[in-house]
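Residue numbers (full-length UniProt numbering): 1 to 241.
Have a look at the structure below, then the notes.
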């Protein structure tokens with residue numbers, strides 16, 4: 001595909017075929033992702049690639065954490081603290097996703113995107129159970145045969161996040177070019193303990209994000225593409241004299 005075709009084809013895939021992705025293809029995608037620029041070529045990131053039985057076990061543990069976290073809503077403050085401590089539900093504290101509402105216009109865009117997605121899925125705004133079940137699919141990687149977690153060294157401060165983002169975009173575009181799909185998931189940033197159980201992650205590296213990788217299914221959810229802002233809205237105008 002041309003660059004324009006790859007760029008337009010890439011979207012968040014939320015249902016995957018069970019078809020395995022070969023180690024050779026995964027290696028090729030990662031090699032192409034490494035062509036991304038980074039601050040003074042520091043490349044302050046490392047990745048975990050999980051497949052097969054290990055991926056299933058991580059998914060089961062993450063799903064359990066998610067389900068337990070949902071049950072906290074019905075508990076008093078003392079019960080919440082005990083349950084959170086017992087099941088290690090404290091979210092990551094260095095690179096962390098926003099909990100609750102987003103600020104200002106970002107919450108408006110978030111809600112608009114969610115409404116569009118739920119419309120495709122046939123889930124009403126008031127159907128909290130179905131929304132929770134859809135969210136839970138993040139932790140079973142939407143059925144993908146591969147999941148990738150990306151870690152960065154916080155000693156590099158903001159540049160580590162910039163560099164990680166560039167690397168992730170290269171990775172997703174490379175996968176798209178090969179007929180694969182991806183879904184970048186902030187939800188996979190919440191709890192890293194299940195990943196640490198199976199992989200020797202250097203202590204100084206912190207979890208930034210995760211993504212699912214595989215061959216897209218023909219399910220309707222994969223047709224959803226949220227609206228992007230216009231170039232006019234993107235550009236900052238000159239100051240008025």
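Quick reminder that beta carbons are idealized off the backbone N, C-alpha and C, glycines included.
Here the structure is a predicted model, which means the values were calculated and not measured.
| task | Please say whether residue 45 and residue 167 have beta carbons closer to each other than 7 Å? | result | Yes, the pair counts as a contact, with Cβ atoms nearer than the cut-off.
| Test item: CB-CB of residue 66 and residue 136 under 7 Å | Less than 7 Å divides the Cβ of residue 66 from the Cβ of residue 136.
| said: So, for residue 182: in the same chain, excluding its five sequence neighbours on each side, which residues have a beta-carbon less than 8 Å away from its beta-carbon? | reply: Excluding positions up to five away in sequence, the list reads 10, 12, 13, 171, 172, 175, 176, 211, 212, 213.
| said: To the nearest angstrom, how far is the alpha carbon of residue 187 from that of residue 203? | reply: In this structure, the alpha-carbon of residue 187 lies about 21 Å from that of residue 203.
| field | Buried versus exposed call for residue 55 [16 or more other C-beta atoms within 10 Å across all chains shown] | value | In summary, residue 55 is buried, with 16 or more beta-carbon neighbours lying within 10 Å of its beta-carbon over all protein chains present.
| For residue 141, which option in 235, 28, 57 has the closest C-alpha, if you only look at C-alpha atoms? | Put simply, of 235, 28, 57 the residue whose alpha carbon is nearest the alpha carbon of residue 141 is 57.
| If you count every other CB in all the chains shown that lies within 10 Å of the CB of residue 111, and 16 or more means buried, which is it? | That one is exposed.
| task | Can you tell me which of the three DSSP states residue 216 falls into? | result | Residue 216: strand per DSSP, three-state reduction.
| query | Do you know how far the Cα of residue 71 is from the Cα of residue 100? | reply | Straight-line Cα distance between these residues: approximately 16 Å.
| Which class does residue 182 belong to by DSSP, given the choice of helix, strand or coil? | Here DSSP, grouped into helix, strand and coil, assigns residue 182 to strand.
| Which residue spans inside the region 78-116 form an unbroken beta strand (DSSP E) run of at least 3? | None, since the region 78-116 contains no complete beta strand (DSSP E) of that length.
| Per DSSP, residue 50 forms a beta bridge with which residues? | Answer is 147.
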